[in-house]
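Below you'll find the structure, written out as structure tokens, and then a few comments.
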Amino acid sequence: MVPHLSIAFAFLHCVTVHAQLTVQKRAVSVGGCYDMSKDQLLYCAAVDEECDQGIRFRNANELKNLGVLECNTDNLPLGICKNTGQCAITKDSCDDPDEFNREDLSNTGCDAEGTTSNNENFVPTQYGACVDGTTGVVTCVLTPSDCTQQEAWISANVVKTKRYGGCKCHDVNVGVCIDGPEINPMLSQCAVSLDDCNPLVQSFGTARNVIDHALLDCRLCPYDESLTSKEDEPPITDSPNESTQESLVTDSPNETSQEPPVTNENVPKQDPVKSERKRSLSDGAIAALVVGSTLCAFAVLLFVRFLRSDPEKESGERLEDAEII
């Protein structure tokens, strides 16, 4: 019986490892500003500084424990850039940070995903990014603090001149709450800041920590959100296999103007540095999956062979006992 259990546990371990080798794609849940005296959630918020004086910030887990409706990008109110009227999550998204206004969040009509204009056209919220000074690679993030020393922060409007479609909510990389010494792709919770984590048992990993992790991908919005508008329709291409959605969410920078003419030459191309990095991560993950699947299959074969040989062994032992008698 013991060999049976050993093989069964080995098989379960293989299945667990196989699951951990699959890239975990997740979106963030945010907290909110909570009035303790009235025991009431006033509005959802990404960080503590968005709450007024005397109002306490509660992270996503705390709101869940209080039985409050979950805060996510659907109900996360944003401010605006007054000079352009564009939705903005922080002052850094505006061309002029002094033009950022978040005093009347409930009346801006903006949330993390976008807003609907007067002509009923959905306008996605645009975000800033970090651009590499050497390679020109554009990485969609929330704040300038997410940029490396080799990168410079650019506002949302500038991003649209360097990356086709700009940086939408589901393009924005966010951080993670870490339980233990390192990121666990199966358990770690995506987060905007340390305010979203439990300070007693968790630490905060920045967007860069997650970007460099091969098995975890954290974004501000869920991947299934279709955050498009008429202005964001891609140019017509001659390639039948290139989908509209893929061209909208590509991470490669676009060196053409903001409104390119309708030609095949202006289709955004993948940056070679970014593509090579993604391809190496993908190849490594595929190799790991193949090895894990092979080991699991081998364990199953051993288990089946053991079960088949066990009755024959017992029959042989009974025959030997009979001959001795």
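Sequence positions in the sequence shown follow mature numbering (1 follows the signal peptide of the UniProt record, and there is no 0) and run -19 to -1, 1 to 306.
No residue lacks a Cβ here, since even glycine has one placed at the ideal position from N, Cα and C.
All values reported here derive from a predicted model rather than from experimental measurement.
I'd like to know whether the C-beta atoms of residue 93 and residue 61 end up nearer to each other than 8 Å. Using a Cβ distance threshold of 8 Å, residue 93 and residue 61 do not count as a contacting pair.
Proximity winner among 118, 203, 189 and 183, relative to residue 40 (alpha-carbon distances): With distances taken between Cα atoms, residue 40 lies closest to 183.
Using a threshold of 7 Å, is the CB atom of residue 64 nearer than that to any non-hydrogen atom of the ligand FAD? With respect to the ligand FAD, the structure offers nothing, as it holds no ligand at all.
Buried or exposed: which applies to residue 114, given that a residue is buried once 16 or more other Cβ atoms fall within 10 Å of its Cβ? exposed
In chain order, what residues of the same chain have a beta carbon less than 8 Å from the beta carbon of residue 65, not counting five sequence neighbours either side? 75, 76, 80 and 138
Does DSSP put residue 164 in a helix, a strand or coil? coil
Give me the DSSP bridge partner(s) of residue 16. 21
Residue 14 versus 83, 68 and 44, residue with shortest Cα-Cα distance: It is 44 whose Cα lies nearest to the Cα of residue 14.
Residue 132 bridges to which residues according to DSSP? DSSP output for residue 132 lists 113 as bridge partner(s).
How many angstroms separate the CA atom of residue 202 from the CA atom of residue 97? 18 Å
Can the beta-carbon of residue 190 be found closer than 8 Å to that of residue 157? When the beta-carbon positions are compared, residue 190 and residue 157 come within less than 8 Å of each other.
Could you tell me which of 167, 117 and 199 sits nearest to residue 123, measuring between CA atoms? Closest option to residue 123, Cα to Cα, is 199.
To the nearest angstrom, how far is it from the Cα of residue 170 to the Cα of residue 63? 34 Å
Tell me, which residues are paired with residue 62 by DSSP? 67 and 81
What is the DSSP secondary structure of residue 200, counted as helix, strand or coil? strand
Would you kindly work out how many angstroms separate the C-alpha atoms of residue 46 and residue 16, rounded to a whole number? 16 Å
What residue from 42, 57 and 102 has the CA that sits closest to residue 32's CA? Ranking the options by Cα distance to residue 32, first place goes to 57.
Can you check which of these residues, 26, 34, 111 and 160, is closest to residue 133 by C-alpha distance? 111
Reduced DSSP category for residue 41 - H, G, I as helix; E, B as strand; rest coil: helix
So, with DSSP's three-state summary, where would you put residue 150? helix
Residue 189 - DSSP class collapsed to helix/strand/coil: Residue 189: helix per DSSP, three-state reduction.
Segment limits, alpha helix (DSSP H) that includes residue 96: Unbroken run through residue 96 is the beta strand (DSSP E), 95 to 97; no alpha helix (DSSP H).
Applying the 10 Å Cβ sphere with the 16-neighbour rule, what's the burial state of residue 141? buried
DSSP three-state assignment for residue 184, whether helix, strand or coil: strand
Checking 8 Å against the spacing of the C-beta atoms, do residue 12 and residue 176 come in under that value? yes
How many Å lie between residue 249 and residue 34 at the Cα? Its pLDDT being 36, under 50, residue 249 is placed unreliably by the model, and the measurement read from it follows with that caveat. Going by the C-alpha atoms only, they are around 46 Å apart.
Where DSSP assigns a beta bridge to residue 120, which residues make up the other side? 111
Taking DSSP's pairing of strands, which residues face residue 6 in a bridge? The partner list for residue 6 (beta bridge, DSSP) reads 198.
Same chain, Cβ closer than 7 Å to residue 50, five either side skipped, listed in chain order: none
How would you call residue 37, buried or exposed, if buried means at least 16 neighbouring beta carbons within 10 angstroms? exposed
Identify the residues that DSSP records as bridge partners of residue 52: which are they? Its beta-bridge partners are 11.
Residue closest to residue 28, alpha-carbon to alpha-carbon, out of 52, 151 and 143: 52
What is the C-beta distance between residue 197 and residue 159, in whole angstroms, given that I count them as a contact (C-beta under 8 Å)? Incorrect: roughly 11 Å between the Cβ atoms, too far for contact.
Measuring only the C-alpha atoms, how far is residue 214 from residue 186? Model confidence at residue 214 stands at a pLDDT of 45, short of 50, so the residue's coordinates are unreliable; what they give is reported in the following sentence. So the two alpha carbons sit approximately 35 Å from each other.
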